[in-house]
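**Student:** Just passing along the structure, written as structure tokens.
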Amino acid sequence: MYELAQVVHIPIIGVGGVATLEDVLDYLAAGATAVGMATAALARPSLPGELADELAAWCLTRGVKAARELTGTAIPSRRDRGSQRSGPYRL
176 MYELAQVVHI PIIGVGGVAT LEDVLDYLAA GATAVGMATA ALARPSLPGE
226 LADELAAWCL TRGVKAAREL TGTAIPSRRD RGSQRSGPYR L
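Offset between the sequence shown (1-based) and the working numbering: plus 175.
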């Protein structure tokens, strides 16, 4: 997603392997405008709400007014060139 977010100008939904707040933060930093979950939510239906609450608390303690401010924070400021990173992204 990190590479894709550098070249497209449409909303991106990060899905796959989301089970913790750290997963949500990783997807947002890599360029996701929304984060979805399936398997983890089937196993624990309360998880989406819990993660939303955790994200709100995380933002509040760090002075982030809205989670959308986190979108793309790991992307280089020059969007006209490809990624300079050759491996998978992790915060």
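Cβ coordinates follow ideal geometry from the N, Cα and C atoms, glycine included.
Please list the terminal residues of the continuous beta strand (DSSP E) segment that includes A209.
**Tutor:** Per DSSP, A209 belongs to the beta strand (DSSP E) from 209-211.
**Student:** To the nearest angstrom, report how far apart A242 and L217 are at their CA atoms.
**Tutor:** 24 Å
**Student:** Inspect the beta-carbon positions of T208 and P223 and report whether they are closer than 7 Å.
**Tutor:** In this structure, T208 keeps its C-beta atom at 7 Å or more from the C-beta atom of P223.
**Student:** Per the contact definition of three or more C-beta pairs closer than 8 Å, is the stretch 224-232 in contact with the stretch 176-183?
**Tutor:** A contact is defined here as three or more CB-CB pairs under 8 Å, and the stretch 176-183 fails this definition with respect to the stretch 224-232.
**Student:** Starting from V199 and walking both ways along the alpha helix (DSSP H), at which residues does that stretch end?
**Tutor:** 196-204
**Student:** Could you pull the start and end residues of the beta strand (DSSP E) that G189 belongs to?
**Tutor:** 188-190
**Student:** When the distance is taken between beta carbons, is Y202 closer than 7 Å to G192?
**Tutor:** Using a Cβ distance threshold of 7 Å, G192 and Y202 do not count as a contacting pair.
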